[in-house]
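Engineer:
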Amino acid sequence: MYAVVRSGGKQLRVSPGDVVDVELVSGEPGEQIELGEVLMLGGDKVVVGKPTVTGAKVLAVIEGDSAGPKIRIFKYKRRKRYRLTKGHRQHFTRVRIESIEV
Numbered sequence: 003m004y005a006v007v008r009s010g011g012k013q014l015r016v017s018p019g020d021v022v023d024v025e026l027v028s029g030e031p032g033e034q035i036e037l038g039e040v041l042m043l044g045g046d047k048v049v050v051g052k053p054t055v056t057g058a059k060v061l062a063v064i065e066g067d068s069a070g071p072k073i074r075i076f077k078y079k080r081r082k083r084y085r086l087t088k089g090h091r092q093h094f095t096r097v098r099i100e101s102i103e104v
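Here the sequence shown is numbered in my numbering, starting from 3 and rising by one per residue.
Rendered as structure tokens:
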């Protein structure tokens, strides 16, 4: 069985036992959270929500916080002596999917 959930503006396909990275969620490692917006359930029978599947939820356990790769932003305008360098590193929470409940 699998589910498609929305978390932090992104859609993820998850199954029990998967370890996925979601947008930063407040909580301590080992704490159980619920990913509420279930858009679709799959398996033997596919259930598509309008827009979400009512009564479905995905339970996950927080494994820890981390950060993605550093991205460098460089802006340049020729003949104008304009150069700008910025950086960004997106933070995320790594969670382990425990179960999918309908």
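Idealized CB from N, CA, C, for every residue including glycine.
1) Specify the secondary structure class of L26 as computed by DSSP and reduced to three states.
2) Which word fits V40, buried or exposed, when buried means at least 16 other C-beta atoms lie within 10 angstroms of its C-beta?
3) May I have a chain-ordered list of the beta strand (DSSP E) segments no shorter than 3 residues that lie completely inside the region 21-104?
4) Which residues does DSSP pair with S17 in a beta bridge?
5) Can you give the Cα-Cα distance for G2 and F94, rounded to whole angstroms?
Structural biologist: Reading from the atomic positions:
1) The sequence position of residue 26 within the sequence shown is 24, counting from 1. Looking at L26 - three-state DSSP - the assignment turns out to be coil, as it is neither helix nor strand.
2) Counting from 1 along the sequence shown, the entry for residue 40 is found at position 38. Buried: at least 16 other Cβ atoms inside 10 Å.
3) 21-25, 34-37, 40-44, 59-69, 73-79, 84-90, 93-103
4) The residue you call residue 17 lines up with position 15 of the sequence shown. Partner(s): none; S17 has no beta bridge.
5) An answer regarding residue 2 cannot be provided, because it is not within the stretch 3 to 104 covered by the chain.
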